[in-house]
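Take a look at the structure set out below.
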Amino acid sequence: MIYGYVIVAEKNSVARAIASFLGGTSVKRLQIEGVPAYEFNWNNSRSLSIGVSGHILNFDFPKEYNKWNSIDPRQLFFIKPILVTREGAYKYIKALRQLAQKTSTVILALDADVEGEAIAFEVMRIMSQANPSLEFKRAWFSAITRTDILEAFKNFRKPNENLANKAFSRMIVDLTIGASFTRILTLSVEKRNGFLPKGKFLSYGPCQTPVLYLVVKRELERENFKKKKYYVLRVKFESPEGVFTGHATFDDASKANEALSVVKSIGKGIVASSEYVTVNIQPPVPLNTVYLESRGSLFLNLRPKETLAIAETLYANGYISYPRTETTRYPPTLNLKNILSMFSEWENTGWYVKKLLLKGFKPTEGREDDKAHPPIYPTKAASKNEIVRKFGEKAWRVYEYVARHFLATLSEDAIIEKQKIIVNIDKLQFQAEGRKVVYLGFYQVYPYSVPQDDPLPYLLKGEEVRVLEAKLEERTTQPPQYLSEAELLALMKKYGIGTDATMQEHIHTNIERKYFIVKNKRLIPTPLGRTLAVSLYETVPELVLPEIRGRMESKLVKIANGEVSPEELVQEMLEEFLSYYDKLAQNIDKVAEKLVEGLKKVYQEEDSEASHASAKKKSSMKRRKTTRQRKKI
DNA sequence: GCAAGGTC
1 MIYGYVIVAE KNSVARAIAS FLGGTSVKRL QIEGVPAYEF NWNNSRSLSI
51 GVSGHILNFD FPKEYNKWNS IDPRQLFFIK PILVTREGAY KYIKALRQLA
101 QKTSTVILAL DADVEGEAIA FEVMRIMSQA NPSLEFKRAW FSAITRTDIL
151 EAFKNFRKPN ENLANKAFSR MIVDLTIGAS FTRILTLSVE KRNGFLPKGK
201 FLSYGPCQTP VLYLVVKREL ERENFKKKKY YVLRVKFESP EGVFTGHATF
251 DDASKANEAL SVVKSIGKGI VASSEYVTVN IQPPVPLNTV YLESRGSLFL
301 NLRPKETLAI AETLYANGYI SYPRTETTRY PPTLNLKNIL SMFSEWENTG
351 WYVKKLLLKG FKPTEGREDD KAHPPIYPTK AASKNEIVRK FGEKAWRVYE
401 YVARHFLATL SEDAIIEKQK IIVNIDKLQF QAEGRKVVYL GFYQVYPYSV
451 PQDDPLPYLL KGEEVRVLEA KLEERTTQPP QYLSEAELLA LMKKYGIGTD
501 ATMQEHIHTN IERKYFIVKN KRLIPTPLGR TLAVSLYETV PELVLPEIRG
551 RMESKLVKIA NGEVSPEELV QEMLEEFLSY YDKLAQNIDK VAEKLVEGLK
601 KVYQEEDSEA SHASAKKKSS MKRRKTTRQR KKI
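Using full-length UniProt numbering, the first residue of the first sequence is number 1, and each one after it goes up by one.
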């Protein structure tokens, strides 16, 4: 035996961290089959840690069932998927097999969640094939900090097959229903020669399709919205303390006009009530992935997919912590003061940081905890120059946001005075609302949505105010806007569609499939996406309703709790979806007919748009050419 | 050519 212990982590960064926490200065870096690994002394023996890259194995159907044209998609419900090696994962298998020969004890240091447990079972499967006498121990830690790691390596657990089986069952169910529904939809339009370009298909998925439904639902709500006229009477009042504007709303034009003449003829009003209430605005809770993505969309003008990609780069280069996390509370073992101290000379916030360090601070705390990763926080203070030079301007936006969000979570509340005055003129009531910022608090370092002063004068009940001006405005109620990405992310979270790491992908998949587009930060269905969502809803609503994913999840939890066997539950879930499949299959002609229409619109329009765009491009190129030539002369 | 979930 060469190694007393071989430690397998879910990713390289964790393998490296474990080595440094356990091995101190004895760590030696090496490569096994091209995979980075770390040798060190621990527990009186030479040990080695290595990271895989998430899952190593995946489910797929046996080859003969992947011939779309000769296999009835319905058959997939009766075929057991097999485990295959993931693309690019073979080097990890080779490395693990090699290490299996060089130790007798393997410590499974994967993330503390069901996916991590599933990966642990993949590792065990691979390694025990190479060496059946291996002993496996599970290290369970909820943060990659020295304290948590040392604690986890004192008290090992047993691998928990129920947890792993929950993940494996989800994989099997998702593959089966995804593949069967995607195939029946795709084949139905292909049979009709339905404008589907080569290599494209019509996909269905238990996450992507409910996401589409949410986007389409909003479009239908807009269309069904009944606009209504209403009337706002705005009155400018003068008091000894200052001028302010109150308003009253009417549904009816004649009543509004009547009110206007009353206001004009009386010409003054009495303060019926006045309120000046201070309220605290709490700083945001510690940052998780979905919140970062939604703030990216709202404040930084970045798409969720882009935000996450940038965050990953910043993480890989040591500027921020691991960006895929649900957690919104700092683990007690994270040294916030050390991180804060790094920022005492940063971007004009130095004075603020020094004040916090001097006065002391208490971090905000959210409710979510994925038990695997801490919230996202900066791990290094870096200048704008440095970040822009290395990763570009967009990366600076993300880094600066992470840093400022972190500082905000340690900051004091902002204090706002909310103001409200009601003025009576005869029997009419006019309301005025205002606000005054009393103390900026965390907004001093978090300049993204700073409340603005819009104060009212300080008046007492019974005071008389004079009418300076009265204006009647006709307005129309407006339909809701198309969904924004930030709203969609919030809805996905509410319904439990996708995970922190995958939500942006489900949005992206729909865009890729031409089911909806993003325009001015709003999500607009294409005729194809709309047809798909509507016709599925009309045939089998269960396939598109957003609750579907949450219901699957709560069933799968029973596997993790050991209340039901995975085989039994997978069988039950597949039977349910088979009945949906049969319902859809009965109506597939009708559905396909509509889908062909949608495809026609999407792909033909794209063609004409593309030729349009290329013509435009050509002419602009011509223009550029001429200006360049001019410059030369 | 399918999904969703890890990770890069």
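Quick reminder that beta carbons are idealized off the backbone N, C-alpha and C, glycines included.
- Approximately 17 Å separates the beta-carbon atoms of Ile107 and Ile56; this is outside 8 Å, ruling out the contact.
- DSSP assignment within the region 124 to 173 yields the following whole beta strand (DSSP E) runs of 3 residues or more, N-terminal first: 135 to 138.
- Under the three-state reduction of DSSP, Ile588 is assigned to helix.
- For Asn41, no alpha helix (DSSP H) run applies; the uninterrupted beta strand (DSSP E) run containing it begins and ends at Val35 to Trp42, by DSSP.
- If you check the CB distance, Val544 and Thr209 come in under 8 Å.
- Of the residues assessed, Glu293 falls on the buried side of the cut-off, its CB having 16 or more other CB atoms within 10 angstroms.
- If you look at His373, you'll find it isn't in any beta strand (DSSP E); DSSP assigns it neither H nor E.
- As the crow flies, the alpha-carbon of Ser254 is around 58 Å from that of Ser188.
- In this structure, the CA atom of Thr245 is about 54 Å from the CA atom of Ser203.
- By the CB criterion at 8 Å, Gln419 and Pro455 fall inside the cutoff.
- Annotation for Val215: Leu483, Phe516, Leu523 and Pro525 place their beta carbon closer than 6 Å to its own, counting only its chain and skipping 5 residues before and after.
- At a cut-off of 3 residues, the continuous stretches assigned as beta strand (DSSP E) that sit fully inside the region 202 to 287 are 229 to 239, 242 to 250 and 268 to 281.
- When Cβ pairs closer than 8 Å are counted between the two stretches, the region 263 to 274 is seen to touch the region 461 to 471, the count reaching three or more.
- Bounds of any alpha helix (DSSP H) do not take in Thr502, whose DSSP letter is neither H nor E.
- Contact annotation: Glu117 and Asn58 have beta-carbon atoms that are not nearer than 8 Å.
- Excluding its 5 nearest sequence neighbours in each direction, Ile339 has C-beta neighbours in its own chain below 8 Å: Tyr377, Pro378, Thr379 and Phe406, listed in chain order.
- Straight through space, the alpha carbons of Ile50 and Thr85 are spaced by roughly 19 Å.
- The region 59 to 79 and the region 89 to 103 do not touch, with fewer than three beta-carbon pairs separated by less than 8 Å.
- Residue Val438 holds the alpha-carbon nearest to the alpha-carbon of Val279 among Glu135, Val438, Glu241 and Leu532.
- For the pair Pro541 and Pro62, the Cα-to-Cα distance works out to about 31 Å.
- Per DSSP, the continuous alpha helix (DSSP H) segment holding Ile93 begins and ends at Tyr90 to Ala100.
- Taking all protein chains in view, the Cβ of Arg16 is crowded by 16 or more other Cβ atoms within 10 Å, so the residue is classified as buried.
- For Ser535, the CB contacts under 6 Å within the same chain, skipping 5 residues up- and downstream, are Val591 and Lys594 in chain order.
- Residue pairing of Phe59 in beta bridges, as defined by DSSP: Leu83.
- Nearest to Gln571 by C-alpha distance, out of Gly88, Val114, Val173 and Gln586, is Val173.
- Taking Lys371 as the centre and dropping the five residues before and after it, the same chain places the C-beta of Ala112, Asp113 and Ser142 closer than 7 Å to its C-beta, in chain order.
- With a cutoff of 8 Å on beta-carbon distance, Phe168 and Pro566 are scored as near each other.
- Going by DSSP, Pro73 is part of no alpha helix (DSSP H) at all; its letter is neither H nor E.
- Between Lys166 and Leu556, the gap from beta carbon to beta carbon is short of 8 Å.
- Contact check between the region 420 to 427 and the region 343 to 354: fewer than three CB pairs, one atom from each, fall below 8 Å, which does not count as touching.
- With a beta-carbon spacing of about 7 Å, Thr103 and Tyr5 fall inside the 8 Å limit used to define contacts.
- Gln478 has its alpha-carbon roughly 33 Å from the corresponding atom of Ser265.
- Ala9 is not a Cβ neighbour of Thr289, given a cutoff of 8 Å.
- Burial of Pro546 is indicated by the presence of at least 16 other C-beta atoms within 10 angstroms of its C-beta.
- Non-local beta-carbon contacts of Lys583 in its own chain, meaning distances under 8 Å to residues more than five positions away in sequence, involve Thr539 and Val540 in chain order.
- Boundaries of the beta strand (DSSP E) around Pro525: Arg522 to Pro525.
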